[in-house]
Amino acid sequence: MSPQVRRTGALDAMPVSELVQLPIDWMRGKDARFIALVASLAGGSDIREPVRVLVCGCGQTYLLDDGGHRISAAFDHFKRTGEDLRLPVERLVADFP
1054 MSPQVRRTGA
1064 LDAMPVSELV
1074 QLPIDWMRGK
1084 DARFIALVAS
1094 LAGGSDIREP
1104 VRVLVCGCGQ
1114 TYLLDDGGHR
1124 ISAAFDHFKR
1134 TGEDLRLPVE
1144 RLVADFP
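Following the working numbering, the numbering of the sequence shown begins with 1054 at its first residue and continues without gaps.
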């Protein structure tokens, strides 16, 4: 029997300073996508595409989709400006302990 995953419903917002503390592999290189996101943030735009995370029954949280570029760009912005952007996060909760 495979574990079931359910959506919690509405999107959450999580400060990038909290996202980078999760046990997830979010670091990305400074490629064209990263540079475009950094420029967009510097111009005042927000990140609108949610980062999807899986909340395990054990209490751990894991990155489900590749949100690494978004997190990396927002963290770079945080380090340069001190602005702790809140990124949209869709939490998926596993139905097993």
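From the three backbone atoms N, C-alpha and C, an ideal C-beta is built for every residue, glycine too.
Whole angstroms are fine: how far does the CA of D1084 sit from the CA of T1114?
The count along the sequence shown starts at 1 and reaches residue 1114 at position 61. The count along the sequence shown starts at 1 and reaches residue 1084 at position 31. In this model, T1114 and D1084 are separated by some 27 Å (Cα to Cα).
Can you list, in chain order, the residues of its chain whose CB lies under 8 Å from that of D1065, leaving out five sequence neighbours each side?
For the purposes of this step, residue 1065 is taken as the residue at position 12 of the sequence shown. Correct list, in chain order: P1141, V1142, E1143, R1144.
What are the residues that DSSP puts in a beta bridge with M1067?
Indexing the sequence shown from 1 puts residue 1067 at position 14. Beta-bridge pairing links M1067 to L1140.
Count the other CB atoms within 10 Å of the CB of S1125; is the residue buried (16 or more) or exposed (fewer)?
Here residue 1125 is taken as the residue at index 72 of the sequence shown, counted from 1. Under this definition S1125 is a buried residue.
Nearest CA to the CA of G1097: which residue from A1089, V1104, P1103?
Indexing the sequence shown from 1 puts residue 1097 at position 44. Closest by alpha carbon: A1089.
Using the DSSP secondary-structure output, state which residues sit across from T1114 in a beta bridge.
Translated into the one-based positions of the sequence shown, residue 1114 becomes position 61. Bridge partners of T1114: V1108.
How many Å lie between R1101 and A1127 at the Cα?
By one-based count along the sequence shown, residue 1101 stands at place 48. By one-based count along the sequence shown, residue 1127 stands at place 74. The alpha-carbon atoms of R1101 and A1127 are separated by roughly 12 Å.
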